[in-house]
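Asker: Sending over a structure as structure tokens; questions will come in a sec.
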């Protein structure tokens, strides 16, 4: 949570005197206030001359503050929220949609794993185009390997829209393509920056009239993470997990559907998804893609799912 | 669009201008907390300023207000950019066909094949072709050639440059006399002078050169292709620790992509093949392993089919997988001719 200033609007009791009280003790963030203010109040009962703030006033503010910060919900409310706000975004590939019970869920992080040239990027481009066309939502595409291809997006959008209407087609495609935002990120720190910035943008979205951002694609997340893993220190791993949680937080808070791709490594004769065990708990849904060389049919199987059975698989085809 | 037109308190305007925020765009680009810090004003007021700025800039239809993230661009903007990007032709129309017109600037393309398939020939050909003047349908740019194996032959480059010049004129339907007039302008020597050559003897040098390219390209904006022949040579022998190799390679590919995107240069990586054991049979794939195979944008495999050389798109975000024949002639890379047989040296 940000500086207590932002709380001022919501909580009338967090006034300047409380802030001054906090600042005089070096308490500048909401989290710090919750942890430190009680002990500070205890200490300062003897020291009444504390900037004119009575300890009583401060503790009252604090209890208000706590009740505001520590919100709780019951199961019914949660279910209601999930049904109302967490939509399924159709991927456009029929097989996958039925496999996942409707598509990629908002509020969840979906991971696609697969060997090189198995169709991961194609799937990302296809889903992004499909969501932009069908739901008119905005998509943020973070591209880590220069693989975002506007030409391909244009041809997919053309295909989905169909050749039905000739007039206005150009303008429609322009609108759709303008709702897909792409940024190149080449290291994990710029990914973190971009995610924080996205959080800010979503915070401000209320004042923008633009379409709602409903999807975030990171293709591929593994190529940013592998360079920092592998060394003896655990710093790389903690950075990886923190990025993972940041994405999950964004997904939950703003009802985004997050789609990331990961590659496969061969270990002991069989190939398995990269990034290891500590990454495994990050995605809600993990799908594995495979494709026979030369054929255009891809096979997708569910490796992990929060609410459905695993190890089911289906074939699908991304049209050229 | 100046800050002075904003409907905000004049005290704020003064603070904005003295802090260096003179245009609307500069305010949009900054976060509210940063603005509050710099102007020493409450966070709320900073948010208010940004809100007003956004509203104003939208009213006048200022570019950049649609950006969700700083520096992000929409697919539509990128599409028109991409359509303006130049292509470097390989010399063989069939090959160009499967590549969508040639090697794309701004992308990393990896090509690999068995020894003798013509990887180096292709590298030299592209280093020459990138220099064809704009008026003759080329890019009129320079090439960087990073040679790790010592296989670049200047004599061969001279030959290819000569043939390239002749072919360019012939294609334009110039008569003998016109060619003589033009000879002043296009000379094989100039072509060789514009190939900037680095000779690399170890993998540390290779990493150093790639890191240095950032600065080098900044100074040489007219370079449009970087050829690394070959990317894998030093990495196949000098490493004991495979994990370490993967990390180094990954970092290198990231650097190359950054270069490609930032300077809109084409990056061509030439690679060797290796036999891979899968499901009881051996298959030829490009060297450097699975993780590396993710790191290039486009991947092209060069292979023999009978006596003909073929190229196949193995991986690309936008090209359909297809293959086409090509041949290596005395003039360089050209279309395959039906009777062109591979010479077998006995």
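Protein chains in written order, with the UniProt record's numbering: chain A, 1 to 320; chain B, 1 to 346. For every residue, glycine included, the Cβ atom is placed at its ideal position computed from N, Cα and C. All values reported here derive from a predicted model rather than from experimental measurement.
1. Along the chain, where does the beta strand (DSSP E) that runs through residue 325 of chain B open and close?
2. Is residue 336 of chain B near residue 98 of chain B, with beta carbons less than 7 angstroms apart?
3. Need the endpoints of the beta strand (DSSP E) that residue 81 of chain A sits in, please.
4. Whose CA, out of A:114, A:109, A:87 and A:108, lies closest to the CA of residue 270 of chain A?
5. Output, in sequence order along the chain, the residues in the stretch 249-260 of chain B whose CB is closer than 7 angstroms to any CB in chain A.
6. Measure the alpha-carbon distance for residue 108 of chain A versus residue 187 of chain A and round it to whole angstroms.
7. Answer yes or no: does any C-beta atom of chain B fall closer than 7 angstroms to that of residue 207 of chain A?
8. Taking C-alpha atoms, which residue in A:285, A:320 and A:171 lies nearest to residue 309 of chain A?
9. Is residue 259 of chain A closer than 7 angstroms to residue 225 of chain A when the C-beta atoms are compared?
10. Does DSSP put residue 13 of chain B in a helix, a strand or coil?
11. Is it buried or exposed, residue 415 of chain B, if we count other Cβ atoms within 10 angstroms and call 16 or more buried?
12. With a threshold of 16 other CB atoms inside 10 Å of the CB of residue 112 of chain B, please say whether the residue is buried or exposed.
13. Of all the CB atoms in chain B, is at least one closer than 7 angstroms to the CB of residue 177 of chain A?
14. Output the distance between the C-alpha atoms of residue 90 of chain B and residue 162 of chain B, rounded to the nearest integer angstrom.
15. How should residue 14 of chain B be labelled, buried or exposed, when 16 other C-beta atoms within 10 angstroms of its C-beta is the threshold for buried?
16. What residue range does the beta strand (DSSP E) around residue 313 of chain A cover?
17. Assign residue 148 of chain A to one of three DSSP states: helix, strand, or coil.
18. What residues in its chain sit with their C-beta under 8 angstroms from that of residue 95 of chain A, if we drop five residues either side in the sequence?
19. Quick one: using the 10 Å Cβ neighbour count with 16 as the cut-off for buried, is residue 330 of chain B buried or exposed?
20. Assuming the contact rule is C-beta atoms closer than 8 angstroms, residue 273 of chain B and residue 285 of chain B should be a hit. Round their C-beta distance to whole Å, please.
21. Give me the DSSP bridge partner(s) of residue 141 of chain A.
22. Quick one, are the C-beta atoms of residue 156 of chain A and residue 287 of chain A less than 7 angstroms apart?
23. If residue 329 of chain A sits next to residue 248 of chain A, beta carbons under 8 angstroms apart, how far is it from one beta carbon to the other, in whole angstroms?
24. Which residues mark the beginning and the end of the alpha helix (DSSP H) in which residue 293 of chain B is found?
25. Please go through the same chain and pick out, in chain order, the residues whose beta-carbon is closer than 7 angstroms to the beta-carbon of residue 319 of chain A, but skip the five residues on each side of it.
26. Whose Cβ in chain B lies nearer than 8 angstroms to the Cβ of residue 242 of chain A?
27. Run down chain B in chain order and give the residues with a C-beta less than 7 angstroms from the C-beta of residue 174 of chain A.
28. What's the gap between the Cα of residue 119 of chain A and the Cα of residue 97 of chain A?
29. Report the neighbours of residue 184 of chain A on chain B: residues whose CB is nearer than 7 angstroms to its CB, in chain order.
30. For residue 107 of chain B, return the contacting residues in chain A, with the cut-off set at a CB-CB distance below 8 angstroms.
31. Between the Cα of residue 152 of chain A and those of B:72, B:295, B:311 and B:79, spot the shortest distance and give me the residue it belongs to.
32. Excluding sequence positions up to five away, which residues of its chain have a Cβ less than 8 angstroms from the Cβ of residue 327 of chain B?
33. Enumerated in chain order, which unbroken segments of the beta strand (DSSP E) with a length of 3 residues or greater are wholly contained in the stretch 219-265 of chain B?
34. Could you please give the first and the last residue of the uninterrupted alpha helix (DSSP H) stretch that includes residue 254 of chain A?
35. List, in order along the chain, the chain B residues whose C-beta lies closer than 7 angstroms to that of residue 180 of chain A?
36. Cα separation between residue 303 of chain A and residue 283 of chain A?
Answerer: Quick look at the numbers:
1. 323-329
2. no
3. Where residue 81 of chain A is concerned, there is no enclosing beta strand (DSSP E), although the alpha helix (DSSP H) it sits in stretches over 75-85.
4. A:114
5. 250, 251, 254, 257, 258 and 260
6. 23 angstroms
7. Residue placement at residue 207 of chain A is poorly supported in this model, since its pLDDT is 46, which falls under 50; the coordinates are not used for a value here.
8. A:285
9. no
10. helix
11. Examination of residue 415 of chain B is not possible in this model, given that chain B is present from 1 through 346 alone.
12. buried
13. yes
14. 15 angstroms
15. exposed
16. 313-317
17. coil
18. 300, 314, 315 and 316
19. exposed
20. 7 angstroms
21. A:182 and A:217
22. no
23. Given a span of 1 to 320 for chain A in the structure shown, any question on residue 329 of chain A remains unanswerable.
24. 289-293
25. 159
26. Simply none; closest approach about 19 angstroms.
27. 76
28. 17 angstroms
29. 261
30. 146
31. B:79
32. 92, 308, 309, 333, 334, 335, 336, 337 and 340
33. 223-229
34. 235-254
35. 74 and 75
36. 11 angstroms
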